[in-house]
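Below is one structure, written out as structure tokens; comments come after it.
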Amino acid sequence: MKLVKWRSLPAGALQNSTTLAHVIQSYAQTKQLKKGKQLHAQLIYAGREPCIFVFNHLLNMYAKCGEISHACNLFDEMPQRNLVSWTAMISGFSQNGKFQEALETFSRMRTAGETPNQFAFSSAVQATSALGLLAFGKQIHSLSLKLGFHVELFVGSNLADMYSKCGALADACRVFDEMPLKDEVSWNAMIDGYAKNGDFCEALQAFRKMRLEGVAADQHVFCSVLSACGGLKESGFGKSLHSFIVKFGFESEVFVGNALTDMYSKAGDMESASLVFGIDSEHMNVVSCTSFINGYVEAGEIEKALSTFVESRRQGIKPNEFTYSTLIKACASEAMLEQGSQLHAQVIQMHFDDDPFVYSVLVDMYGKCGLVESSIRVFEGIDSPTEIAWNSMLGVFAQHGLGKEAIRIFDEMVVGGMKPNAITFVSLLMACSHAGLVEEGLDYFNSMKKMYRIEPQQEHYSCVIDLLGRAGRIEEAEEFVNKMPFEPNAFGWCSLLGACRTHGDKERGEVAAEKLMELEPDNSGTHVLLSNIYASAGQWEDVKSVRKMMRDKNVKKLPGYSWVDVGNKTHVFGAEDWSHPQKREIYEKLEKISNEIREVGYVPYTAAISCNLDESLKERLLQNHSERIAVAFALISIPVGKPIIVKKNLRICLDCHYAMKYISKVVEREIIVRDNSRFHHFRDGMCSCGDYW
DNA sequence: GTAGGGTTAG
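Numbering (the numbering used here), first residue to last: -14 to 678.
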């Protein structure tokens, strides 16, 4: 298209529609809104009514320049409209993100008696796809089918894209197969569709077919294929693709570079990821940087993720919502309160706190760090929380055994018109289970299908087993297992086994243990639980045989350890672990507390040790459990007024739980212990779990 | 002689 400058317009050009149209079109293409407006004003000033052809160009110019409301006004004022005017409006709305309006215009056009052509169809399909309106998309599809436009290159590609974005891959395939002519865009609709729906192998397969049919890949295709490679978490094919990309000169394309970084990060190949741009590269941007950080997070290398973040900020890369949600998620998983709250402060400063992903993960992070109050505060500050945020809040209550609060938040959620999903019910049932709200839990389980049309899954059934088991209703739990439509998973059997251990049901415990050992032969927890059951029944011979089984299978008991954060540093303690530089002070504190709690009535619960040992030795072993050492260290290191939070990789032992209650009383501080199944808040001699866990 | 397509990260 020749670019015509306004100044060079020949005299009388305003009268000449063809020249005029060229000028307007060039303004549209180069997005020169100001000049377009000037020209429009000149036209009005000249007092000549433009013909429909020129009007259409003006519509298009305004739409392309983002002034969709101007286009709208003009469209309403036009003395007459034709198919092109309608189509320009539909695509204009679509391009400006106003998909609802685009579809309304499509309908109005039909009411006005215009028959859509391929242009109208492709814009309309785009809008349904953006809104995820599969049903409406199907209607448009059948209409295009009647008129024979469904096989047209653009319409077909858009339809395939619409179906795959809506997850209807079979329909996408059908449309795609009927197309007589396909280009790289059509192919990419399929490749990307497979990749986005998690069918990574099929995506790579489609890419191979495309190449076999002689269609050349462009940068979009490379991005989609790389995302499929990333999904496979394997960089072999991605690497060969990489050299292909370099050969065709696509490597310098920012999108492709980002996709490469992402692919390598997901495959855990952080070295190659860093080499795509080079960590010091000026081409490294916020997207590739976030992918990179996420790679470290996925690999569990949180320190490296954080230092990469700090380095990227130093280089002037401005983090966005994605960056923060990735980092905060990492802090949540590691319960790193200090770093997590620092990131929260930054999020507020940068006004990312209204992003749904960011606020949901903040709710989760504070919960996982033990600070329910902060979690609630974040949640209550959200304008209209998404389903994910509601689920996060519910999950926090569940982890902390706050059953009543969980039920309250669930009620609020439903009353507010939010639709609970399968995850909502997992949290709700867990909350009921941890709070001993058995009848409520059973009612909710039964309501899932009846009231909310959610088919209970494996995990929901497991929650019910847990619910009944914890409450000591082991017979009912067993009945429930027998009536289930499938065999319980490991979590289900483990719940039953745990319940049998707590309530001393040896026979059922053995059955559960047997099932568990089939499912997870290497799980040391199963063996330990079974051995504990025998120990509490005094069957030391059976304890020995379990131990022997573990030796034979080379199953190692997972060593228990506890950790405490002081400032930015994490201090880890094992049982009987005196390797800490401050061991003297810790030991003295521990002795002092032990004496104090005995004075106020603590008697060691030696039955918590399932070895046949001398009583005084058992007492000594209990006192030196990792959680006690960690608490002693926290008491001498964390200033009064700051919460004491101890994290533990196994479940807190019965005696430690008992002792913590006394400790919280004598030191007059709240102690929070996160074990591997929930939080315990010890305050003034009581635990938030009400001894029910 | 106007109007139409797909990309990277939670």
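All C-beta atoms, glycine included, are put in the ideal place defined by N, C-alpha and C.
Less than 9 Å separates the beta-carbon of Phe382 from that of Ala416.
Under DSSP, Lys554 shares a beta bridge with Val551. The stretch 459 to 471 and the stretch 429 to 436 do not touch, with fewer than three beta-carbon pairs separated by less than 8 Å. Taken in chain order, the complete alpha helix (DSSP H) segments of 4 or more residues contained in the stretch 559 to 641 are 568 to 584, 600 to 608 and 611 to 622. With a 10 Å radius around the Cβ and a threshold of 16 neighbouring Cβ atoms, Asn243 comes out buried. The Cβ atoms of Leu88 and Ala112 sit closer than 9 Å to each other.
Sorting Phe618, Ile392 and Gly559 by C-alpha distance to the C-alpha of Val411 places Ile392 at the top. Three or more beta-carbon pairs separated by less than 8 Å link the stretch 343 to 363 to the stretch 298 to 313, which places the two stretches in contact. Under the three-state reduction of DSSP output, Phe222 falls in the helix class. DSSP links Val239 through a beta bridge to no other residue. In its chain, beyond the 5 residues on either side, His135 and Leu144 have a beta carbon closer than 7 Å to the beta carbon of His126. For Tyr249, the secondary structure class from DSSP, reduced to helix, strand or coil, is helix. Less than 9 Å divides the Cβ of Met248 from the Cβ of Gly215. Under the three-state reduction of DSSP, Cys158 is assigned to helix. DSSP places His665 in the uninterrupted beta strand (DSSP E) bounded by Phe664 to Arg668.
DSSP places Tyr677 outside both helix and strand once states are collapsed to three, so it counts as coil. Counting C-beta atoms within 10 angstroms of its own C-beta, His336 has fewer than 16 neighbours from the protein chains shown and is therefore classed as exposed.
Taking C-alpha positions only, Val652 is separated from Ile287 by approximately 33 Å.
Under the 10 Å beta carbon count, Glu397 is surrounded by fewer than 16 other beta carbons and is classified as exposed. Residue pairing by DSSP places Tyr546 opposite Gly559 in a beta bridge.
Around the C-beta of Leu245, 16 or more other C-beta atoms lie within 10 Å, and the residue is accordingly described as buried. Distance from the CA atom of Val557 to the CA atom of Met645, rounded to whole angstroms, is 19 Å. Arg438 sits in coil when the DSSP states are folded into three classes, being neither helix nor strand. Here Ile230 really is in contact with Phe207; their C-beta atoms are around 6 Å apart, less than 8 Å. When DSSP states are grouped into helix, strand and coil, Arg659 belongs to the strand group. Within the same chain, Cβ atoms closer than 7 Å to the Cβ of Met469 are found at Tyr446, the five residues on either side in sequence being excluded. With distances taken between CA atoms, Ser369 lies nearest to Gly401 out of Asn406, Glu34, Gly401 and Thr409. Around Met175, the same chain offers Ala145, Ser149, Ala157, Phe161 and Ala191 as residues with beta carbons nearer than 7 Å, after the five sequence neighbours per side are excluded. DSSP places Met433 within a helical segment (H, G or I) once states are collapsed to three.
A Cβ-Cβ contact shorter than 9 Å links Ala202 with Val210. Rounded to whole angstroms, the gap between the alpha carbons of Val528 and Trp478 is 20 Å. Counting only residues of its own chain and dropping the five nearest sequence neighbours on each side, Asn517 has a CB closer than 6 Å to the CB of Arg486 and Ser595.
The C-alpha of Cys354 lies about 39 Å from the C-alpha of Trp525. Using a 10 angstroms sphere on the CB of Val616, the tally of other CB atoms reaches 16 or more, which defines it as buried.
Look at Met415 here: in three-state DSSP terms it is helix. Excluding the 5 residues flanking it on each side, Leu18 has same chain C-beta neighbours closer than 7 Å at Cys50 and Glu52, in chain order.
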